[in-house]
Structure formats: structure tokens, C-alpha cells
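Let me begin by presenting the structure, written as C-alpha cells, before commenting on it.
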Amino acid sequence: EAQVTQNPRYLITVTGKKLTVTCSQNMNHEYMSWYRQDPGLGLRQIYYSMNVEVTDKGDVPEGYKVSRKEKRNFPLILESPSPNQTSLYFCASSFGQASSYNSPLHFGNGTRLTVT
Amino acid sequence: SQKIEQNSEALNIQEGKTATLTCNYTNYSPAYLQWYRQDPGRGPVFLLLIRENEKEKRKERLKVTFDTTLKQSLFHITASQPADSATYLCAHRNQAGTALIFGKGTTLSVSS
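Quick mapping for you: the protein sequence lines, in order, are chains A and B. My numbering numbers the first residue of the first sequence as 1 and each following residue consecutively. My numbering numbers the first residue of the second sequence as 1 and each following residue consecutively.
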């Protein structure tokens, strides 16, 4: 089954404790992206990757890092989490560029992160 | 900056009626618009895409229109059912092709 898999689904942590949220897709997609979703603010892009070893900042990259060493994996790293990073996070992927005409975005089921 | 606005945060209708959701965009004329469905705590799921040269697109009980003069898309669900209750998101790709920009969504509640 074609899918984007994120882990974990739920994560509670404390301020400053480094964490990684994993994302993997099995569709051989070039493009991958991370979004966060907050009430009243909607979905906002954190980072994106157009292909292996090519990553760039989205609209809200502060406090986050990513890597793209393999085509299928795109982990999101929070080096020193803070309470304002409490949010619902989504990984997404598509062929070519972001959600092209022939390839809409496929989303994972989300990771709900709480930082206390 | 490119913006998408979905005017209604919430829409409540009775089963069997037609739901109509509105999406407006500014500052940029996208080549196509997309609609996604999101259930609570889950990732958005793609529903329909409509190109700027298509006035209307249909898929089963769903219909989308695209008016480039008004810079607006309408999303219709006919013969609505309680199972249609969800948040519906309008989106378009940014000019650089690096991101999908979403509206904040309209939460539809269909009561039986």
C-alpha cells in the first residue's frame, strides 16, 4: 500500500530534550515536506526537500532541522524543543515538485507533540 | 504573499442537502487549485484538482468550480451524509513550486 509513515503518533517531552520524528514514504517520491498545524493558523510549512541531499526552509523553520540522505526518509529533528513547538506535525510527499498536477500531496497520519 | 482564504470556519447542514464551501485566493493566479479532506487528528487526503481552464470538475457527489475572474473556487457536496462531516481544505502550489499553501479550512457537520 502506498503510504507516508510517521513515527511516533504521540510524543510528550520536556524542554531541551532532543527528539526526532521519522517519516518514510514508499512511493519513490522526489519531493517531501514537513508541516505543522495549529488552531487558528492552519498548516504551515517547516522544511521541504526536492530530492536527496536537497533541503530548504519553509515558512517556519526556526528550531527545526531536517536531513534527506535517502529518497524514502525525511526525519524532522528538534535539537532543543520548546513549549511553542507543541503542535500537530505532518510529513507529506509527491512526485516532482510540491503537489504537481499529476501528483497531489500524500500526507502521513501526523505526530502530536507536546513539549512541557 | 500568496494567500488562500476559506470564509467559513464552520458549516452545519442537514443530511441530504447540498453543502457549498468557498475558497478565495489573492496576490497570485495559480494554474490549479486542490481540495483536501481532513478528519480529526489525521492527515489531509486529496479529493479533487481543478485547472484554471476548467470551469467545473466532478467526482461522484463532489463538484468543484474555478472562477479565475473572481479568484474563487466553490466546493459542493450533493446529497450530503453524516460521513461527509470533516474539515475541507483548499490549497494551491506557490509560484516556486516548493510548497502547497493551504486555507485554514471549513469544518462541515452533517446532521441526520
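Positions of the beta carbon are idealized from the N, C-alpha and C atoms, including for glycine.
Checklist entry - For residue 24 of chain B, does the three-state DSSP call read helix, strand or coil? => result Here the question's residue 24 of chain B lines up with position 24 in the second sequence. In this structure, residue 24 of chain B counts as strand in the three-state DSSP scheme.
Item to check | Burial state of residue 81 of chain A, where buried means 16 or more other Cβ atoms lie within 10 Å | outcome: Taking the first residue of the first sequence as 1, we reach residue 81 of chain A at position 81. When all chains shown are included, residue 81 of chain A counts as buried.
Checklist entry - Residues of chain B with CB under 9 Å from residue 56 of chain A, in chain order? => result Taking the first sequence and counting its residues from 1, the one referred to as residue 56 of chain A is at position 56. Under the 9 Å cutoff, chain B gives 98.
Checklist entry - Would you report the Cα separation of residue 49 of chain B and residue 77 of chain A, rounded to the nearest angstrom? => result Taking the second sequence and counting its residues from 1, the one referred to as residue 49 of chain B is at position 49. Taking the first sequence and counting its residues from 1, the one referred to as residue 77 of chain A is at position 77. Answer to the nearest angstrom: the Cα atoms are 32 Å apart.
Checklist entry - Going by beta carbon distance, what residues of the same chain come within less than 7 Å of residue 14 of chain B, once the five residues before and after it are set aside? => result Counted from its first residue, the second sequence places residue 14 of chain B at position 14. Excluding sequence neighbours, residue 14 of chain B sits near 111.
Checklist entry - With respect to the beta strand (DSSP E) encompassing residue 10 of chain B, which residues constitute its N-terminal and C-terminal limits? => result For this step, residue 10 of chain B is matched to residue 10 along the second sequence. First-last of the beta strand (DSSP E) with residue 10 of chain B: 10–14.
Checklist entry - Considering only the beta carbon of each residue, do residue 80 of chain B and residue 18 of chain B sit closer than 8 Å? => result Within the second sequence, the letter at position 80 stands for residue 80 of chain B. Within the second sequence, the letter at position 18 stands for residue 18 of chain B. Yes, the pair counts as a contact, with Cβ atoms nearer than the cut-off.
Checklist entry - By the 10 Å Cβ neighbour count, where 16 or more other Cβ atoms means buried, how is residue 98 of chain A classified, buried or exposed? => result The sequence position of residue 98 of chain A within the first sequence is 98, counting from 1. Buried, because 16 or more other Cβ atoms sit within 10 Å of the Cβ of residue 98 of chain A.
Checklist entry - Given that a residue counts as buried once 16 or more other Cβ atoms are within 10 Å of its Cβ, and exposed if not, what is residue 77 of chain B? => result Reading the second sequence from its first residue, position 77 is the one you call residue 77 of chain B. Residue 77 of chain B is buried by the Cβ-count criterion.
Checklist entry - Does residue 104 of chain A have its Cβ less than 8 Å from a Cβ in chain B? => result Mapped onto the first sequence, residue 104 of chain A falls at position 104. Yes, contact with chain B.
Next on the checklist: Looking at chain B, is there any beta carbon in it that lies within less than 8 Å of the beta carbon of residue 97 of chain A?
Outcome noted: Translated into positions along the first sequence, residue 97 of chain A becomes position 97. Taking Cβ atoms only, chain B reaches closer than 8 Å to residue 97 of chain A, which makes this a yes.
Checklist entry - Where does the unbroken beta strand (DSSP E) through residue 5 of chain B begin, and where does it stop? => result On the second sequence, position 5 is the one that residue 5 of chain B refers to. Counting along the chain, the beta strand (DSSP E) containing residue 5 of chain B begins and ends at 3–5.
Item to check | Within chain B, the residues that residue 107 of chain A reaches when beta carbons sit closer than 9 Å | outcome: Taking the first residue of the first sequence as 1, we reach residue 107 of chain A at position 107. Those within 9 Å of residue 107 of chain A in chain B are 36, 38, 42, 43, 44, 45, 46.
Checklist entry - Listed from N- to C-terminal order along the chain, which residues in the region 80–95 of chain A have their beta-carbon within a distance smaller than 9 Å of any beta-carbon of chain B? => result 88, 90, 91, 92, 94
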